[in-house]
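Chains as they are written, first to last, in my numbering: chain A, 53 to 286; chain B, 2 to 281.
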């Protein structure tokens with residue numbers, strides 16, 4: 053029996069301007085799943101994630117979100133963040149506690165410990181006073197992951213978390229995500245454009261291409277993309 | 002030097018208080034103008050405020066009313082999302098800047114005022130600030146800076162990472178609009194007293210100098226108005242002692258301090274011992 057879904061959508065359509073990016077998407081994401089959204093560049097993976105998060109309006113269809121009390125931990129694409137801001141790594145990670153702190157509250161001891169734990173988990177304790185600009189792309193990605201982790205949310209949504217990373221860093225990030233899923237029970241939804249990186253890590257994937265999103269076993273998805281232009285591109 | 006400052010405070014108390022008020026509020030808000038890379042917005046808003054003042058003069062209204070009304074219209078125009086637009090926001094700003102700066106001259110040329118009066122009204126002169134100017138500035142600045150500092154956390158988060166902030170439940174559009182309206186109000190009130198160039202200097206040069214000297218946002222927000230106060234007092238005193246135009250003296254001093262900060266920052270960067278490269 054399928055576990056209580058954290059996200060459910062039916063006949064979902066999203067788009068920008070006059071163009072439909074995705075149409076009639078039906079998907080159910082079970083709690084505790086590790087679900088990669090796989091597809092070529094421009095296929096609509098980010099749009100689908102943004103629709104799930106309520107960042108873009110739906111054209112049509114139904115979307116039911118059962119995120120619980122805490123909002124999901126979200127890791128946007130790095131290009132969304134301007135490194136000019138002189139904000140320390142620690143402050144960026146503590147931003148994840150905003151839903152608990154609101155406008156004015158300061159961190160209590162427990163929250164400080166959670167920040168330390170998140171920094172430690174991603175190997176950032178020694179870099180906590182550095183600014184975003186002073187970090188490599190891989191380190192920046194770790195900071196964003198730590199910020200998502202500190203929220204304590206059971207759902208993590210990540211948009212191309214390995215974009216711009218070298219192979220070693222990419223493996224490190226994916227290993228962390230698998231660990232969070234297997235050992236911490238987090239539901240993980242991530243956009244990724246290469247199936248071969250994830251085919252052995254995820255049982256099910258969501259194949260996003262040609263305005264459709266299909267929920268398939270990873271092996272089936274692999275067969276579907278064999279020989280396609282997208283596979284050649286990947 | 003101290004004697005000159007005391008003498009200045011005696012002779013031009015309104016100029017001193019107005020200058021301090023302007024620099025405190027503009028230097029704090031300006032930190033985010035620079036960080037959000039919307040420097041051009043501040044000069045366009047300053048010119049819009051000047052155009053509003055000119056329109057108000059022609060219609061026999063209070064100059065501030067004209068400045069606030071026109072700035073509010075422009076701020077609303079700028080708050081439109083230009084992400085998927087065919088034209089960039091910068092191009093719209095360019096049109097607004099040119100239109101406002103030219104229209105204000107055309108309007109006042111028909112107002113019947115003398116050239117000196119027009120220049121002072123449109124482009125302000127801090128040393129001529131009167132009690133009314135000072136009061137208007139205080140009235141506009143105190144709530145603006147208080148609101149800004151009280152809600153600095155959501156404003157900072159919205160500007161730093163809009164999408165993640167929205168996911169965390171922040172009303173990002175509200176905070177962006179609030180920021181632009183505060184900016185518009187402050188620029189309108191300050192432009193009438195200090196003039197367009199001085200406002201632009203306080204909004205851009207002073208915060209940029211602070212950003213060069215430290216990499217901690219809280220310290221930048223404290224340092225920026227302090228630098229502004231120092232350059233304002235320095236500029237006012239020098240202009241009084243040497244009989245120089247007040248606004249331009251403050252601007253030149255601010256830019257000189259910026260140049261010095263640039264050299265210091267570069268020297269510190271070069272002297273820093275480079276650490277071991279990151280593992281990844």
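Note that CB positions come from ideal geometry on N, CA and C, so glycine has one too.
A direct Cα-Cα distance of roughly 44 Å separates residue 176(B) from residue 242(B). Its chain contains 26, 27, 30, 141, 142, 145 as the residues whose beta carbon lies nearer than 7 Å to that of residue 187(B), once the 5 sequence neighbours on both sides are disregarded; these appear in chain order. When only Cα atoms are considered, residue 120(A) and residue 85(A) end up about 16 Å apart. Here residue 61(B) carries a coil assignment [DSSP, helix/strand/coil].
The beta carbon of residue 64(B) lies closer than 6 Å to those of 54, 57, 193 in the same chain, with the five residues before and after it left out. When the five nearest sequence neighbours on each side are left out, the beta carbons in the same chain lying within less than 6 Å of the beta carbon of residue 45(B) are those of 94, 97, 98, in order along the chain. For residue 167(B), the closest Cβ of chain A is nearer than 8 Å. Listed along the chain, the chain B residues whose CB falls inside 7 Å of the CB of residue 155(A) are 152, 154, 155. In this structure, DSSP gives residue 113(A) an extended state, which the three-state scheme calls strand. Residue 36(B) has a beta carbon lying within less than 8 Å of a beta carbon in chain A. The contact set of residue 151(A) on chain B, defined by CB atoms closer than 7 Å, consists of 169, 170 in chain order. Per DSSP, the continuous beta strand (DSSP E) segment holding residue 243(A) begins and ends at 239-244. Residue pairing by DSSP leaves residue 159(B) without any beta bridge partner.
Interface flag for residue 267(B) against chain A is unset, since no Cβ pair is found closer than 8 Å. Comparing alpha-carbon positions, the option among 94(A), 177(A), 104(A) lying closest to residue 64(A) turns out to be 104(A). Rounded to whole angstroms, the gap between the alpha carbons of residue 207(B) and residue 234(B) is 14 Å.
Here residue 183(A) is bridged, per DSSP, to 140(A). Boundaries of the alpha helix (DSSP H) around residue 183(B): 173-195. Counting C-beta pairs closer than 8 Å gives three or more between the segment 160-175 of chain A and the segment 193-204 of chain A, which meets the contact rule.
Residue 214(A) sits in coil when the DSSP states are folded into three classes, being neither helix nor strand. In the three-state DSSP reduction, residue 174(A) falls in the coil class, being neither helix nor strand. Linking residue 62(B) to residue 69(B) through their CA atoms gives a straight-line distance of about 12 Å.
If you draw a straight line from the Cα of residue 226(B) to the Cα of residue 24(B), it is about 6 Å long.
Looking at the backbone, the Cα of residue 41(B) and that of residue 4(B) are separated by about 39 Å. Residues of chain A whose Cβ lies closer than 8 Å to the Cβ of residue 218(B) are, in chain order, 137, 138, 139, 143.
When DSSP assignments are scanned along the segment 21-86 of chain B, no uninterrupted stretch of beta strand (DSSP E) that is 3 or more residues long falls wholly within it. In the three-state reduction of the DSSP assignment, residue 209(A) falls in the strand class.
By the neighbour-count criterion, in which a residue is buried when 16 or more other Cβ atoms sit within 10 angstroms of its Cβ, residue 212(A) is buried. DSSP, read as helix, strand or coil, puts residue 88(A) in strand.
Where residue 62(A) is concerned, the enclosing beta strand (DSSP E) starts and stops at 57-68. Interface with chain A (8 Å Cβ-Cβ cutoff): residue 259(B) is excluded. For residue 162(B), the C-beta contacts it makes with chain A under 7 Å involve 128, 132, 133, in order along the chain.
When the beta-carbon positions are compared, residue 182(B) and residue 137(A) stay at least 8 Å from each other. Here residue 168(A) carries a helix assignment [DSSP, helix/strand/coil].
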